[in-house]
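Novice:
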Amino acid sequence: MEENKSEVTLHGMWASTYSKRVEIALKLKGIHYEYVEEDLTNKTESLVQLNPVHKKVPLLVHDGKPVAESQVILDYIDETWKNSPRLLPDDPYERAQVRFWVSYINQQVIEVMGQVLFQEGEAQAKSIEEARERFKVLEEGLKKHFPDKTIRENDDVGLLDIIIVSTFGSHKVYHEDLGLETSLINPVNTPTLYNWIESLKELTVMKETEMPSDRLVPFLQMYRQRHLQQAANA
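Residues in the sequence shown are numbered consecutively from 1, following UniProt numbering.
Structure representation (structure tokens):
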């Protein structure tokens, strides 16, 4: 097949949810690729040269041609390798709904999750309440626009699923890291989202790309403390 003749390299970082999005898409499509783990405090010369604008991961290099930014990369993958699963539905309205909720997660939910992670005390408490409201909106949106969603195999997975599992797949670890009394994602308040995540995590490809919790917890704790210290010294 054509994809086996291509040279594909992914520059990523193990704890980056944006890198995970691309890893999942490549594995779902059955695309053979070389993976380069980046130390973001000491980036490879290749990353800097091939992504001179942002110098960030993920970066996909296909036959020597670099493609940067996760959403751009996902679009590129789906347009270049047209085998199943396709990441976007054929129906224009369904495609629009997928894009809308992907945008909502990227712009609204991830933003408030960052605020919760990097705050403490009263400020964090306010951000938690805001996060609950945004998760409620997401829950209702998923329930309304994707009522018949089933996930049994790779062909059931599309763009929205990739964004959901890469962003929220480790939500229990975040809960543990932050020491919240109740998780922002749970079977009671967000059953649709919770079950969606759990179904995705049963797929072999998701297990292969899952972030190891024994590494993620100390990483998040270190990252959080570093950010809080920087804020205190500002």
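Built from N, CA and C at the ideal position, the CB exists for glycine as well.
Confirm, please, whether the CB-CB distance from Asp155 to Ser84 is below 8 Å.
Specialist: At a Cβ-Cβ threshold of 8 Å, Ser84 and Asp155 count as neighbours.
Novice: Which runs of the alpha helix (DSSP H) spanning at least 4 residues fall entirely within the segment 121-158, listed in chain order?
Specialist: 121-145
Novice: Which value, in whole angstroms, describes the spacing of the CA atoms of Leu74 and Val36?
Specialist: 18 Å
Novice: Leaving aside the five residues before and after Lys201 along the sequence, list all residues of the same chain whose C-beta is less than 8 Å from its C-beta, in chain order.
Specialist: Val165, Gly169, Lys207 and Glu210
Novice: Going by CA-CA distance only, name the one from Ala232, Lys172 and Ser6 that's closest to Glu120.
Specialist: Ala232
Novice: Does the Cβ-Cβ distance between Leu184 and Phe219 come in under 8 Å?
Specialist: no
Novice: Let me confirm a value: Asp161 is counted as buried when at least 16 other C-beta atoms fall within 10 Å, else exposed. Which label applies?
Specialist: Of the residues assessed, Asp161 falls on the buried side of the cut-off, its CB having 16 or more other CB atoms within 10 angstroms.
Novice: Check for me: the beta strand (DSSP E) holding Leu60 runs from which residue to which?
Specialist: Leu59 to His62
Novice: Are three or more beta carbon pairs between the segment 84-103 and the segment 135-155 nearer than 8 Å?
Specialist: yes
Novice: Among Trp81, Lys82 and Val98, which residue has its Cα nearest to the Cα of Pro89?
Specialist: Val98
Novice: With a threshold of 16 other CB atoms inside 10 Å of the CB of Leu26, please say whether the residue is buried or exposed.
Specialist: buried
Novice: Which parts of the segment 27-114 are runs of the alpha helix (DSSP H), unbroken and 4 residues or longer, counting only runs that do not cross its ends?
Specialist: The qualifying runs are 45-50, 70-80 and 92-104.
Novice: On the CB-based measure, 16 or more other CB atoms within 10 Å of its CB, does Leu138 come out buried or exposed?
Specialist: buried
Novice: Which residues share a DSSP beta bridge with His227?
Specialist: His227 is not bridged to any residue.
Novice: Give the secondary structure of Leu184 by DSSP, where H, G and I count as helix, E and B as strand, and everything else as coil.
Specialist: coil
Novice: Please list, in chain order, all residues of the same chain as Thr167 whose beta carbon is under 7 Å from its beta carbon, the five residues on each side excluded.
Specialist: Thr17, Ile105 and Ile110
Novice: Do Pro58 and Ser19 have their beta-carbon atoms positioned less than 8 Å apart in this structure?
Specialist: yes
Novice: Exposed or buried, what is Asn51 when buried is set at 16 or more other beta-carbons lying within 10 Å of its beta-carbon?
Specialist: buried
Novice: For His11 and Val22, what's the separation of their Cα atoms in angstroms?
Specialist: 10 Å
Novice: Run the CB neighbour count on His62, radius 10 Å, all protein chains shown included, and call it buried at 16 or more, exposed below.
Specialist: buried
Novice: Using only CA atoms, which one of His175, Arg132 and Glu69 lies nearest to Thr190?
Specialist: Arg132
Novice: Leaving out five residues on either side along the sequence, give the residues of the same chain with a beta carbon under 6 Å from the beta carbon of His175.
Specialist: Here the set comprises Ser183.
Novice: Measure the C-alpha to C-alpha separation of Val112 and Lys43 and round it to an integer number of angstroms.
Specialist: Roughly 28 Å between the two C-alpha positions.
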